[in-house]
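Residue numbers (UniProt numbering): 1 to 131.
We treat Cβ as the ideally placed atom computed from N, Cα and C, and that holds for glycine.
Worksheet: the structure to be examined is printed underneath.
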């Protein structure tokens, strides 16, 4: 909010909402996303959100780190991320997956995005995604 307040003509600024960053900053997106979004709206304005970065977190809430995890394998969890992705406030906002490549062999890791998108579309967690 301080950055936005410090910019002349700031009505032209938009923001990205990142699930991992928000969680790692200490906000309870897992159990109170609506409360987090209400607070965000009061401080910055939900109307400024023009894109959502979707990722789980390898850290406990408030860890002050930025370690993305695959959907459903971190501390935010599939149910919370599924709720966020399908939230009415984000209905017409583009979402970008920012999750790690998967696979046992470090030289042959693959992007899981197709599988993660399918999980979110079906609203059903699939633990086989990491294989």
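{"query": "N-terminal and C-terminal residue of the beta strand (DSSP E) that residue 49 is part of", "result": "49-54"}
{"query": "Classification of residue 60 by the beta-carbon crowding that lies within 10 angstroms, buried from 16 upward", "result": "exposed"}
{"query": "CA-to-CA distance, residue 38 to residue 7, given in whole angstroms", "result": "23 Å"}
{"query": "Per DSSP, cross-strand counterpart(s) of residue 110", "result": "102"}
{"query": "Element boundaries [alpha helix (DSSP H), containing residue 43]", "result": "33-43"}
{"query": "Under the three-state DSSP convention, the category residue 18 falls into", "result": "strand"}
{"query": "Residues bridged to residue 57 (per DSSP)", "result": "68"}
{"query": "Sequence-distant residues of its chain with Cβ nearer than 6 Å to residue 50 (five each side left out)", "result": "14"}
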